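Numbering (the UniProt record's numbering), first residue to last: 1 to 459.
What follows is one structure encoded as structure tokens, with my remarks underneath.
Set out below in structure tokens:
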């Protein structure tokens, strides 16, 4: 039963729940009303029976005509007299009511009683018996049919049942209408989701009305589709840019390998110097491809995805020192001025060290032969300064874009991804990075990551 209910459409379930709630409420109200009214009517009847006293003339007349077939007279009650000898005289035209021990006890002097009894014709009666001293001592019973109350109560029950039925039908109809109106925004949301699933059109937006939960859901859905569209656009742009960047080294690599293969096939030897140059070029292109693929793997991770390792407390000064040593190998002939104060940050060790290496490689690449690269870390601010040609002011906003390369640097090796990786890694660590022109020429890169000058105690 529950399984069938859950398979119904949401609006049908809401209508059924509304109708059920109304049915329960109406049933409770009707039952309470019927019971209260029944109790009041019975109490009123008992009070009336207890207070009714037949006139003395009526009692005398009933005694005189007892058993003589006197003419009946109209009365809503059955009057019955129990004599001292146990004889019973009943109002002419009325069916005698069965006398029980309680009535006889009243005749013998006990207090009045009120009880249910049955007439000889089978009718249920409510009887009030009390004493009377007219022409001796007698017990007088005043009886009223129970049907005088049961009939109106039965009619009332029928009216309540019909009213409850119409109320439930009306509630179900109203609930269905309300569910349709209330779920109309959900229908629009469902249609939009189905449209996106069918067409992959992420430009769909749902109109937002009001400030209720449905409006919040619609805003969240619109934000989600906008984020998905932006992510897909970035992914497509990354693929396009990667294809463009990979094409150049692959074409050059293929050309060099074709020359080597052709030399082997034709038997025409390539001069040793040219062959050595070709192999050096192939090796350089392979290295560039490997670096480019690694950079693409780093940038292909979602912005909120975890990195290559867990976040740890890192000695930034030690990571910068290791990056400087690696940069020395690439920048032979350059002078490195290093001044590093202690600074500890929370970041991914491998990712942060790679970012620092990229930053120093960028400085090495643009430094003139015999130039100086200055690396300093003070109060949590790391600066890397070169004495190269510098970056024009108009190009500074683009230096951290993926695959962006300054026109003056297009002839130099690189993919244009190094600084993008630097910016992304620093931002993940909660820091900021910027490039600016240095006084006297060159470029200075500044990295600031929140941390402390002393290492935290071990956990």
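Glycine is no exception: its CB is placed at the ideal position from the N, C-alpha and C atoms.
These numbers were taken from a predicted model, which means no experiment stands behind them.
Limits of the alpha helix (DSSP H) - the one that residue i falls within
i: residue 437; result: Counting along the chain, residue 437 falls outside any alpha helix (DSSP H), though it belongs to the beta strand (DSSP E) covering 432 to 437.
i: residue 393; result: Where residue 393 is concerned, there is no enclosing alpha helix (DSSP H), given that its DSSP letter is neither H nor E.
i: residue 268; result: Taken as a continuous stretch (DSSP letters only), residue 268 belongs to no alpha helix (DSSP H), as it is neither H nor E.
i: residue 319; result: 316 to 330
Beta-carbon gap between residue i and residue j smaller than 8 Å
i: residue 430; j: residue 450; result: yes
i: residue 386; j: residue 371; result: yes
i: residue 396; j: residue 364; result: no
i: residue 419; j: residue 444; result: no
i: residue 114; j: residue 49; result: yes
i: residue 79; j: residue 54; result: yes
i: residue 354; j: residue 313; result: no
i: residue 25; j: residue 175; result: no
i: residue 289; j: residue 317; result: no
i: residue 117; j: residue 127; result: yes
i: residue 119; j: residue 140; result: no
i: residue 373; j: residue 336; result: yes
i: residue 259; j: residue 278; result: yes
i: residue 218; j: residue 185; result: yes
Span of the beta strand (DSSP E) around residue i
i: residue 128; result: 124 to 132
i: residue 347; result: 344 to 347
i: residue 338; result: 335 to 340
i: residue 100; result: Residue 100 -> no beta strand (DSSP E), and no H or E assigned at all.
i: residue 421; result: Per DSSP, residue 421 belongs to no beta strand (DSSP E); it is in the alpha helix (DSSP H), 418 to 428.
i: residue 143; result: 138 to 145
i: residue 447; result: 443 to 448
i: residue 118; result: 113 to 118
i: residue 311; result: Run containing residue 311: none; DSSP gives neither H nor E here.
i: residue 385; result: 381 to 385
Own chain, CB closer than 8 Å to residue i, minus 5 neighbours either side, in chain order
i: residue 411; result: With a pLDDT of 47 at residue 411, under the threshold of 50, the modelled position of this residue cannot be trusted; read the value that follows with caution. Excluding sequence neighbours, residue 411 sits near nothing in its chain.
i: residue 454; result: 342 and 344
i: residue 390; result: 437, 438, 441, 442 and 443
i: residue 196; result: 202, 204 and 225
i: residue 326; result: 357 and 360
i: residue 428; result: 307, 347, 348 and 351
i: residue 239; result: none
Neighbour flag for residue i against chain B, beta carbons, 8 Å
i: residue 400; result: In the structure shown, chain B cannot be found, because there is only a single protein chain.
Own chain partners of residue i with C-beta closer than 6 Å, once the 5 adjacent residues on each side are dropped
i: residue 446; result: 383 and 434
i: residue 252; result: 285
i: residue 30; result: 160 and 164
Closer than 7 Å: residue i CB and nearest the ligand PLP heavy atom
i: residue 262; result: The model depicted lacks the ligand PLP and carries no ligand whatsoever.
Residues near residue i by beta carbon distance below 7 Å, same chain, minus five either side
i: residue 448; result: 380, 381, 431 and 432
i: residue 308; result: Below a pLDDT of 50, predicted positions are generally treated as unreliable, and residue 308, at 49, falls in that range; the measurement from the model is reported next regardless. Closer than 7 Å at Cβ, skipping near neighbours: 348, 350 and 351.
Item to check | Stretch-stretch touch, CB-based, cutoff 8 Å, three pairs: the stretch 161 to 169 with the stretch 183 to 192 | outcome: The stretch 161 to 169 vs the stretch 183 to 192: no contact.
Next on the checklist: Extract the residue ranges of the alpha helix (DSSP H) inside the UniProt domain "HAMP" (180 to 233), only unbroken runs of 4 or more that lie entirely within it.
Outcome noted: As far as the UniProt domain "HAMP" (180 to 233) is concerned, its whole alpha helix (DSSP H) runs of at least 4 residues are 184 to 199.
Checklist entry - If we count Cβ pairs, one from each stretch, closer than 8 Å, do we get three or more for the stretch 19 to 26 versus the stretch 92 to 106? => result Short answer: they don't touch.
Item to check | Runs of alpha helix (DSSP H) wholly within the stretch 345 to 373 (minimum 4 residues, chain order) | outcome: If we require 4 residues or more, the alpha helix (DSSP H) runs fully inside the stretch 345 to 373 come out as 349 to 366.
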